[in-house]
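Taking it in order: structure first as C-alpha cells, then the write-up.
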Amino acid sequence: MQSTWLPKALCDEMEKLIRRFIWGSSTEKNGIHLVKWEELQRTVDNGGLGLKSLCQHNQAFLMKIGFQTNPEKFWVQVLRSKYGWEDPLPLSIKRTSASRLWRGLNEVWDMVKDSICWNNRDGRSTDFWYDNWLDGKGQLVYACTANANPSPVSVSAMVDEAGDWDWCRLSSWLPKDTLERIAAVMPPRLGLGDDRSGWRWEDNRKFTTRSAYAALSVEPVANDSLYWRQIWKLPVPQRIRVFVWLVFHRRLLTNDERARRHLTSSDRCSICNNGTETMDHVLRLCPSVRQVWESVIALEKLSLFVSLPFDNWLLQCLNMSMALEKLHRSTWSCPEWGWLKVNCDGAVNSHDKAAAIGGVVRDSTGTWQFGFSRSIGRCSIIMAELWAVLDSLRHSWDLGYRCLRLETDNLEATEIINSTSSAFEDSLLLHDIKGFMSRDWRVQLRHIPRSENSVADKLARMSMGAPIGETLFARPPLKVIPLLEKDLINIVP
Ligand SMILES: [Zn+2]
Numbered sequence: 361m362q363s364t365w366l367p368k369a370l371c372d373e374m375e376k377l378i379r380r381f382i383w384g385s386s387t388e389k390n391g392i393h394l395v396k397w398e399e400l401q402r403t404v405d406n407g408g409l410g411l412k413s414l415c416q417h418n419q420a421f422l423m424k425i426g427f428q429t430n431p432e433k434f435w436v437q438v439l440r441s442k443y444g445w446e447d448p449l450p451l452s453i454k455r456t457s458a459s460r461l462w463r464g465l466n467e468v469w470d471m472v473k474d475s476i477c478w479n480n481r482d483g484r485s486t487d488f489w490y491d492n493w494l495d496g497k498g499q500l501v502y503a504c505t506a507n508a509n510p511s512p513v514s515v516s517a518m519v520d521e522a523g524d525w526d527w528c529r530l531s532s533w534l535p536k537d538t539l540e541r542i543a544a545v546m547p548p549r550l551g552l553g554d555d556r557s558g559w560r561w562e563d564n565r566k567f568t569t570r571s572a573y574a575a576l577s578v579e580p581v582a583n584d585s586l587y588w589r590q591i592w593k594l595p596v597p598q599r600i601r602v603f604v605w606l607v608f609h610r611r612l613l614t615n616d617e618r619a620r621r622h623l624t625s626s627d628r629c630s631i632c633n634n635g636t637e638t639m640d641h642v643l644r645l646c647p648s649v650r651q652v653w654e655s656v657i658a659l660e661k662l663s664l665f666v667s668l669p670f671d672n673w674l675l676q677c678l679n680m681s682m683a684l685e686k687l688h689r690s691t692w693s694c695p696e697w698g699w700l701k702v703n704c705d706g707a708v709n710s711h712d713k714a715a716a717i718g719g720v721v722r723d724s725t726g727t728w729q730f731g732f733s734r735s736i737g738r739c740s741i742i743m744a745e746l747w748a749v750l751d752s753l754r755h756s757w758d759l760g761y762r763c764l765r766l767e768t769d770n771l772e773a774t775e776i777i778n779s780t781s782s783a784f785e786d787s788l789l790l791h792d793i794k795g796f797m798s799r800d801w802r803v804q805l806r807h808i809p810r811s812e813n814s815v816a817d818k819l820a821r822m823s824m825g826a827p828i829g830e831t832l833f834a835r836p837p838l839k840v841i842p843l844l845e846k847d848l849i850n851i852v853p
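Residue 361 is where the sequence shown starts when you use this note's numbering, and the numbers rise one by one after that.
What follows is the structure in C-alpha cells.
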C-alpha cells in the first residue's frame, strides 16, 4: 500500500470489511450500521472516528515517495537514470512501460507538483508569481490585479535596498489581503543560501502523510469541533465515550429508532411502559433515570434541567464537564528576584487569518515593565507564535534585560525553538530567533498553560484586525489591568 497503486475496487472491498468489523457483523449475523461510513471517515474534530479512506491513504503514501525524490538518495538516482528524469520537477513523468512504483508515482505526480512550496533563503531561484512560496495558498499570479500574465521575476527582486519588501511596487499589483500575507513573511536576504523546497500543506514545510491525506480529502469546516473533541477527552472508559459520541450523532438504538428500522413493532419504553422510548426519554425523562438526576442535581434546578430543549440540554451536560476541568487550572507566578518574565502570545482569526501578537514583561514583584501589541498581517497560528517570541526577544534585548524567563502557551512553538532537529529549520523566522537566543544573556523558554498567559493573549487580541503596525506600552493599557490584577491575586505574598 505504501509503494503500489491500489485499484479502487480493491480499496472498496477492504473498506467493506472494516465497516462490517466496526458494527459487529459476522458470517452469522449482520450488525446494524448506526453511523454512515462517510461520517466515520471524517476527522475526530468533525464528528467522525478519523478512519481513513484507503484509496486516498494510498495516494498520500505515494505522494510521500514523490515528494522525497531528493537526487542525493541512491534509489532516486536509480529511478532518475532508468526513466531519463533530469528536470527537478518535470511537468509529466508518464512512460509507456514502467514499474509498479513508477506507475503509482505517475498517478499522483500532478498533486505532488502542486504540493511543493518554496522556503525563501536568498530568494533568487523562486519565482515571485509562478512558484508556490507564500503560506501555501498557491501561485501569486492568480492574485495579481494589474496584469493577467506578469513576467517572471525572482522573490529577491521584490525586496528594497533596506531589506524590507518593496511595498511601493507590491501595492500596485496585489490586493490588500495578499499584501498582509506577505507582510507576515520575512523578506529573503542575500548570503543565506539557495531557496529550499518544502511541503505546502504543513506550516513547517515538512512532509507528513497526515497533511497529504488532508489535502486530498477536503472536509467541510466544522463549527462544532469543540464538543466533538471534548467527548473523546471525557475522563471515563472508552466505551462510555463511544456511547456519548453516538448520543451526539442522535444514533442510539432506542425502541423509537428500532421501530423506525422495522426491528420491533412497539416503540414504547419497556421499563416504565409510559411513553415512546426516544433518546430524550432514555437519558432524561424516564422515571427510572429521573432518580439518578435527582441525586446529583439540586432540587431547585431540576425542573429547568428536565425542561431544556434536548439539544441544549446535551450541550449543557458536556459544558459541565468542561467547567469542572477549569476549576483545576494553574495560575501565573512571578519570576525570582533578578529575573524578568516575558509572556508572549499570537492570535489568529480563524476566518480571514488576520494575525496579531502581544507580549508583556513583568519583574519579580509582578510589576509591569514593558508591553507590546502588533498586527502582523495574515498567517498561520504557529507563524504568529514564532513572531511573538522573536519580537519579545528583540524588545527585551534592546531594553537591556539580560535574565529572561520567556513563556508561551504554544507547545509546538516551544518544541520547535528548543529542539535541534529539522522542523522549521528552513524558516528565516526560526533562524533569527535562534540567533537572538545564542547571544550573551540568560534566556529560558518555557511552555505554560493558557490560563497563565491571559495578559499576553489580551495584548495580542487588541491588535487583531487593526492595520499592520505596532503599539508599545510603557504602562499597562486599561484593558489588561483587570487581568494583571487577577494574576497577582493568586500569588501568596
Ligand atoms: Zn421509560
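All C-beta atoms, glycine included, are put in the ideal place defined by N, C-alpha and C.
For this session: Would you decide whether Arg799 is buried or exposed? Buried here means 16 or more other CB atoms lie within 10 Å of its CB.
Result: Exposed, by the Cβ-count rule.
Exercise. CA-CA distance, Leu843 and Val815?
Worked result: If you draw a straight line from the Cα of Leu843 to the Cα of Val815, it is about 6 angstroms long.
Exercise. At what residue ranges does the segment 541-590 contain a whole run of the beta strand (DSSP E), taking only runs of 3 or more?
Worked result: Correct list: 556-559.
Exercise. Any heavy atom of ligand 1 within a distance shorter than 6 angstroms of the CB on Ile600?
Worked result: Because no heavy atom of ligand 1 lies under 6 angstroms away, the Cβ of Ile600 does not count as near it: no.
Problem set entry | Per DSSP, the bridge partner or partners of Cys739 | In DSSP, Cys739 forms no bridge with anything.
For this session: Return yes when at least one heavy atom of ligand 1 lies under 6 angstroms from the C-beta of Cys739, else no.
Result: Result no, Cβ not under 6 angstroms from ligand 1.
For this session: State buried or exposed for Lys593, treating a residue as buried only when at least 16 other CB atoms are found within 10 Å of its CB.
Result: exposed
Exercise. Under the DSSP definition of a beta bridge, which residues are partnered with Arg835?
Worked result: Per DSSP, none; premise fails for Arg835.
Exercise. Does any heavy atom of ligand 3 sit closer than 6 angstroms to the C-beta of Ile631?
Worked result: Looking for ligand 3 in the displayed structure turns up nothing; the ligands present are ligand 1.
Problem set entry | Cβ distance (whole Å) where Ile841 is taken to contact Leu805 below 8 angstroms | Ile841 to Leu805, Cβ: 27 angstroms. No contact.
For this session: Could you work out which residue in Lys396, Ser485, Lys473, Glu775 is closest to Arg549 when comparing CA atoms only?
Result: The shortest C-alpha separation from Arg549 is found at Ser485.
Exercise. Taking DSSP as the reference, what is the three-state secondary structure of Lys701?
Worked result: strand
Exercise. What is the residue span of the alpha helix (DSSP H) that Gly426 lies within?
Worked result: Secondary structure note for Gly426: its alpha helix (DSSP H) is the uninterrupted segment 414-427.
Exercise. Which residues does DSSP pair with Gly829 in a beta bridge?
Worked result: Ser735
Exercise. Using the rule of at least 16 other Cβ atoms within 10 Å of the residue's Cβ for burial, across every protein chain shown, is Leu659 buried or exposed?
Worked result: exposed
Exercise. Which same chain residues, not among the five before or five after Asn703, have their C-beta less than 7 angstroms away from its C-beta?
Worked result: Gly719, Val720, Glu767, Asn813, Val815, Ala816
Exercise. If you draw a straight line from the alpha carbon of Leu643 to that of Val649, how long is it in whole angstroms?
Worked result: 7 angstroms
For this session: Identify which residue in Trp397, Ala517, Lys389, His755 has its Cα closest to the Cα of Asp372.
Result: Trp397
Exercise. If we call anything under 7 angstroms between Cβ atoms a contact, is Arg734 one with Ala715?
Worked result: no
Problem set entry | Endpoints, alpha helix (DSSP H) assigned at Glu660 | 659-667
Exercise. Using a beta-carbon distance below 7 angstroms, is Gln416 in contact with chain D?
Worked result: Among the chains in the structure shown there is no chain D, since it carries only a single protein chain.
For this session: Check the C-beta distance from Asn564 over to Phe796 and give it rounded, since I have them as a contact under 8 angstroms.
Result: Their Cβ separation, rounded to whole angstroms, is 19 angstroms, which puts Asn564 and Phe796 out of contact at 8 angstroms.
Exercise. Applying the criterion that 16 or more other CB atoms from any shown protein chain within 10 Å of the CB defines a buried residue, is Gln598 buried or exposed?
Worked result: exposed
For this session: Verify whether the separation of the beta carbon atoms of Trp801 and Arg762 is less than 7 angstroms.
Result: yes
Problem set entry | The beta strand (DSSP E) enclosing Leu325, as first and last residue numbers | Since the first and last residues shown for the chain are 361 and 853, residue 325 lies out of range.
For this session: Flag Cys677 as yes when its Cβ comes closer than 6 angstroms to any non-hydrogen atom of ligand 1, and as no otherwise.
Result: no
Exercise. Under the rule that 16 or more other beta-carbon atoms within 10 Å means buried, what is Pro836, buried or exposed?
Worked result: So Pro836 ends up on the buried side.
For this session: Kindly indicate which three-state DSSP category Asn479 falls into: helix, strand or coil?
Result: strand
Problem set entry | Ala834, buried or exposed, once every other Cβ within 10 Å from all chains shown has been counted against 16 | Exposed, by the Cβ-count rule.
Problem set entry | Own chain, CB closer than 7 angstroms to Gln729, minus 5 neighbours either side, in chain order | The residues are Leu700, Val721, Arg722, Asp723.
Exercise. Taking the Cβ atom as the reference point for each residue, do Gly558 and Cys477 lie within a distance shorter than 7 angstroms?
Worked result: yes
Exercise. Based on the DSSP output, what are the partners of Asp487 in its beta bridges?
Worked result: Ser514
Exercise. Between Leu788 and the rest of its own chain, which residues show a CB-CB distance below 6 angstroms, the 5 nearest in sequence each way excluded?
Worked result: Met546
Exercise. Between which two residues does the alpha helix (DSSP H) carrying Val602 extend?
Worked result: 598-608
Exercise. In terms of residues, what are the limits of the alpha helix (DSSP H) holding Leu764?
Worked result: No alpha helix (DSSP H) contains Leu764, which is instead part of the beta strand (DSSP E) from 763-768.
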